[in-house]
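Chains as they are written, first to last, in the numbering used here: chain A, -7 to 256; chain B, -6 to 352. Where is the CB? At the ideal position from N, CA and C, for every residue including glycine. Because the structure is a prediction, the values reported are computed rather than measured. The structure appears right after this line, and notes come after that.
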């Protein structure tokens, strides 16, 4: 909390270098909102965050669900495998991906050798690469969220649905999804917030071609040493992210939580 | 042992559920071994046995949650052995009731009807009909978490019956209720089943439940059927020592029947009768032994009181007769309790005592 309040205070400082400004100004906020470049980066950041969260949900739900339905012992060591990437330094992971995705990297040489492409392509410094790496980083959060909520759903409810003439799809749509919604929301919010605030991955994998607000803030502070402006952007990201997740959750809650009938 | 059902009064073509030589193996472990069973239209059949006897697995094979390793499952004359549960015409009440926690009572009951593509109006009509049947019409809008255990059970029953299934399946439906409620729910459930005349297959480990509710009882042990019969058959004419011991209380004496038809126990207690000669076990229920104060009636014996257990309504006494220990039950008036070591004159109802021949 204290650093966050500090950041809020810095964002109003009238200065453009480190913290040697003083007084009170809205100048940094006005700069953000008067230049459409920033709002388009903010928009892109949110879209990327949503895409990453959605992909994580699509992969993470089946994985988390099947983990939850395993006997405890079998679940334990598989869970460890899921958590493993989180124990690695992010820098190690990102450099690993640089090697895999690089022009002379593993992916290119495999594709060329298989004859799928004739000459190496540039995967790095493009949005899909950033999204891929973000998905890889944050997938465990989604899997764990889904897994923990599905373990709370009594498997006998699936039998009951099946006995009541519901095939697997109907059971999934009307029983599993509504009951798993709290876990899905937790995972979705976690991945979304982590994605929109990511700065190492967009910077190293995306370079300058894939600006996300996180990397912009990092640059503003670490390269231009403009702390007040960076702080203002950070605060805008914080408020926008908070507002977005709140709105999203309210929407999801009204649709799913008390609605066997209305779900999907 | 499974001959019983084949010789029963019903026409085999009238079975709503029919299992033919059904077995279920989990690896090397045998859960159900060669079970054949038919449930007639409108009949209430109970699978009774200790835990791990295969009764629940058998029920789950009828519902379709477990696929048999071998044998066939027919419902309404159609082979359903490999069909998923949602294609089978069954309605099940689960031990934990398994009501959907995110749906209201009415939504729970309507769930099956929606999957059968009933119209909204038809669904609403059936839901209120079912709620009236279980006498809980005022709970339509409640969530399961707002209901008592007994109410949840009745809603689970209403939900299972709403689809008018060919067979109602009940998996230990009373085990989550306290003792007094259990007896009341048993009566209510039986009344509802009778009123809608639904064929019912029912699993329990509680012999009292089985005896009071069933038309026929299937006693299972170790994955096999031990005996099939009416409650009276099972209690009064057990065909194996297991059935005799599992249903009701009894004293069992090892021994043999001599050529004259008299049973002689290992310790020399003689029970004159007309049993078939050969080794066997005599099944003596507490009610087969009666006090005979004057000692003159037919087969009067003298027994020494070894143990007494006061149960309020009656006292259970272990008597030592000729070194054999036999259990009897008697209602003694105030202060009339026999003391340990006291001698009592009793008669044995020879014609009701059963001798089970050794296999």
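- Task: Just the chain B side, please: which residues come within less than 8 Å of residue 154 of chain A by C-beta, in chain order?
- Result: Along the first chain, read from residue 1 onward, the residue named residue 154 of chain A stands at position 162. The CB of residue 154 of chain A comes closer than 8 Å to the CB of 57, 58, 77, 78 and 79 in chain B, given here in chain order.
- State yes or no: is the C-beta of residue 23 of chain B within less than 7 Å of the C-beta of residue 51 of chain B? Taking the second chain and counting its residues from 1, the one referred to as residue 23 of chain B is at position 30. Taking the second chain and counting its residues from 1, the one referred to as residue 51 of chain B is at position 58. No. Outside cutoff.
- Looking at the unbroken beta strand (DSSP E) that takes in residue 48 of chain A, where does it start and where does it end? Stepping through the first chain from its first residue, residue 48 of chain A is reached at position 56. Where residue 48 of chain A is concerned, there is no enclosing beta strand (DSSP E), although the alpha helix (DSSP H) it sits in stretches over 28 to 60.
- Roughly how many angstroms separate the alpha carbons of residue 3 of chain A and residue -6 of chain A, rounded to a whole number? Position 11 of the first chain holds residue 3 of chain A. Position 2 of the first chain holds residue -6 of chain A. Looking at the two C-alpha atoms, the distance is approximately 14 Å.
- Task: For residue 388 of chain B, collect the residues of the same chain with a Cβ closer than 8 Å to its Cβ; drop the 5 residues on either side in sequence, then sort them by chain order.
- Result: With chain B covering -6 to 352 only, the question about residue 388 of chain B has no answer from this structure.
- Query: Do we get a CB-CB distance below 7 Å when we pair residue 244 of chain A with the residues of chain D?
  - Reply: Protein chains A and B are contained in the structure displayed, whereas chain D is not.
- How many angstroms separate the CA atom of residue 219 of chain B from the CA atom of residue 201 of chain B? To locate residue 219 of chain B, count along the second chain from 1; it is residue 226. To locate residue 201 of chain B, count along the second chain from 1; it is residue 208. In a straight line, the C-alpha of residue 219 of chain B is about 18 Å away from that of residue 201 of chain B.
- Item | Segments assigned alpha helix (DSSP H), at least 4 residues, entirely inside the region 68 to 119 of chain B | 98 to 108
- For the 8 Å Cβ check, are there 3 or more pairs between the region 236 to 245 of chain A and the region 211 to 225 of chain A? no
- Below 8 Å between beta carbons is the criterion; list the residues of the region 130 to 149 of chain A that meet it against any residue of chain B, in chain order. 146, 148 and 149
- Message: For residue 107 of chain B and residue 163 of chain A, what's the separation of their Cα atoms in angstroms?
- Response: As a first step, residue 107 of chain B is located in the second chain; it is residue number 114 there, counting from the start. As a first step, residue 163 of chain A is located in the first chain; it is residue number 171 there, counting from the start. Distance between the alpha carbons of residue 107 of chain B and residue 163 of chain A is about 12 Å.
- Message: Excluding the 5 residues flanking residue 316 of chain B on each side, which residues of the same chain have their C-beta closer than 8 Å to its C-beta?
- Response: As a working mapping, residue 316 of chain B is identified with position 323 in the second chain. Contacts found: 260, 261 and 262.
- Item | Which listed residue (B:214, B:192, B:321 and B:217) has its alpha carbon closest to that of residue 206 of chain B | Indexing the second chain from 1 puts residue 206 of chain B at position 213. It is B:192.
- Task: For chain A, find out if any of its Cβ atoms is closer than 7 Å to the Cβ of residue 69 of chain B; answer yes or no.
- Result: Stepping through the second chain from its first residue, residue 69 of chain B is reached at position 76. Output row for residue 69 of chain B: interface = no.
- Query: Out of curiosity, what's the CA-to-CA distance linking residue 170 of chain A and residue 34 of chain B?
  - Reply: Numbered from 1 along the first chain, position 178 holds the residue referred to as residue 170 of chain A. Numbered from 1 along the second chain, position 41 holds the residue referred to as residue 34 of chain B. Taking the straight line joining both Cα atoms gives about 38 Å.
- Message: For a quick check, are the C-beta atoms of residue 165 of chain B and residue 212 of chain B less than 7 Å apart?
- Response: In the second chain, residue 165 of chain B corresponds to position 172, counting from 1. In the second chain, residue 212 of chain B corresponds to position 219, counting from 1. No, they are not a contact pair.
- Query: Using the rule of at least 16 other Cβ atoms within 10 Å of the residue's Cβ for burial, across every protein chain shown, is residue 83 of chain A buried or exposed?
  - Reply: Start at 1 with the first residue of the first chain, and residue 83 of chain A comes out as number 91. It is exposed - the Cβ of residue 83 of chain A has fewer than 16 other Cβ atoms within 10 Å.
- Item | Which of helix, strand or coil DSSP assigns to residue 158 of chain A | Here residue 158 of chain A corresponds to residue number 166 of the first chain, with the count starting at 1. Here residue 158 of chain A sits in coil by DSSP.
- Mind pulling the beta strand (DSSP E) runs of 3 or more residues that sit fully within the region 264 to 348 of chain B? 271 to 277, 282 to 284, 293 to 303, 308 to 314, 317 to 323 and 336 to 341
- Message: Just checking: is the beta-carbon of residue 366 of chain B within a distance shorter than 7 Å of some beta-carbon in chain A?
- Response: Residue coverage of chain B in this structure runs from -6 to 352, which leaves residue 366 of chain B outside it and unanswerable.
- Query: Since residue 171 of chain A meets chain B, which of its residues come closer than 9 Å, beta carbon to beta carbon?
  - Reply: Translated into the one-based positions of the first chain, residue 171 of chain A becomes position 179. Those within 9 Å of residue 171 of chain A in chain B are 93, 94 and 95.
- Which residues of chain B have a Cβ atom closer than 9 Å to the Cβ of residue 61 of chain A, listed in chain order? Counting from one through the first chain, the residue named residue 61 of chain A turns up at place 69. Ordered by position in chain B, no residue passes the 9 Å Cβ test against residue 61 of chain A, which lies about 14 Å from the chain.
- Message: Below 8 Å on the Cβ atoms is my contact criterion, and I expect residue 156 of chain A with residue 87 of chain B to pass it. Report the Cβ-Cβ distance as a whole number of Å.
- Response: Here the question's residue 156 of chain A lines up with position 164 in the first chain. Here the question's residue 87 of chain B lines up with position 94 in the second chain. 11 Å between Cβ atoms; not a contact.
- Message: I need the DSSP call for residue 238 of chain B, collapsed to helix, strand or coil.
- Response: One-based indexing of the second chain puts residue 238 of chain B at position 245. Residue 238 of chain B falls in the helix class under three-state DSSP.
- Show which residues of chain A have a CB atom less than 9 Å away from the CB atom of residue 83 of chain B. On the second chain, position 90 is the one that residue 83 of chain B refers to. The answer, in chain order, is 155.
- Query: Of the choices B:84, B:209, B:331 and B:274, whose alpha-carbon is the least far from that of residue 148 of chain B?
  - Reply: Taking the second chain and counting its residues from 1, the one referred to as residue 148 of chain B is at position 155. It is B:84 whose Cα lies nearest to the Cα of residue 148 of chain B.
- Message: Can you give me the C-alpha to C-alpha distance between residue 62 of chain B and residue 44 of chain B, rounded to a whole angstrom?
- Response: Numbered from 1 along the second chain, position 69 holds the residue referred to as residue 62 of chain B. Numbered from 1 along the second chain, position 51 holds the residue referred to as residue 44 of chain B. Using only the alpha carbons, I get a separation of about 21 Å.
- Message: Considering only the alpha carbon of each residue, which of B:184, B:139, B:341 and B:175 lies closest to residue 244 of chain B?
- Response: As a first step, residue 244 of chain B is located in the second chain; it is residue number 251 there, counting from the start. Cα-wise, what sits closest to residue 244 of chain B is B:341.
- Task: Please determine, among A:192, A:59, A:200 and A:15, the residue with the shortest C-alpha to C-alpha distance to residue 81 of chain A.
- Result: Mapped onto the first chain, residue 81 of chain A falls at position 89. Considering only alpha carbons, the answer is A:192.
- For residue 241 of chain A, which residues in chain B fall below 8 Å Cβ to Cβ? Here residue 241 of chain A is taken as the residue at index 249 of the first chain, counted from 1. The premise fails here: residue 241 of chain A is roughly 17 Å from chain B at the closest Cβ pair, so nothing lies under 8 Å.
- Message: Between residue 158 of chain A and chain B, is the shortest Cβ-Cβ distance under 7 Å, so that the two count as touching?
- Response: By 1-based counting over the first chain, the position of residue 158 of chain A is 166. Yes, its Cβ sits closer than 7 Å to a Cβ of chain B.
- Task: My understanding is that residue 231 of chain B touches residue 240 of chain B, with C-beta atoms under 8 Å, so please give their C-beta distance in whole angstroms.
- Result: For the purposes of this step, residue 231 of chain B is identified with residue 238 of the second chain, where counting begins at 1. For the purposes of this step, residue 240 of chain B is identified with residue 247 of the second chain, where counting begins at 1. The beta carbons of residue 231 of chain B and residue 240 of chain B sit about 7 Å from each other, so the pair counts as a contact at 8 Å.
- Item | Sequence-distant residues of its chain with Cβ nearer than 7 Å to residue 207 of chain A (five each side left out) | By one-based count along the first chain, residue 207 of chain A stands at place 215. Cβ neighbours of residue 207 of chain A beyond the five flanking positions: 191, 194 and 195.
- Please name the residue or residues paired with residue 39 of chain B in a DSSP beta bridge. Here residue 39 of chain B is taken as the residue at index 46 of the second chain, counted from 1. According to DSSP, which records beta bridges pairwise, residue 39 of chain B is partnered with B:195 and B:210.
- Answer yes or no: do residue 16 of chain B and residue 25 of chain B have a C-beta to C-beta separation smaller than 7 Å? Residue mapping note: residue 16 of chain B aligns to position 23 of the second chain, counting from 1. Residue mapping note: residue 25 of chain B aligns to position 32 of the second chain, counting from 1. Cβ atoms of residue 16 of chain B and residue 25 of chain B: closer than 7 Å.
- Taking the beta strand (DSSP E) that residue 218 of chain B falls in, what are its first and last residues? Residue 218 of chain B sits at position 225 when you count from the first residue of the second chain. In this chain, the beta strand (DSSP E) harbouring residue 218 of chain B covers 217 to 222.
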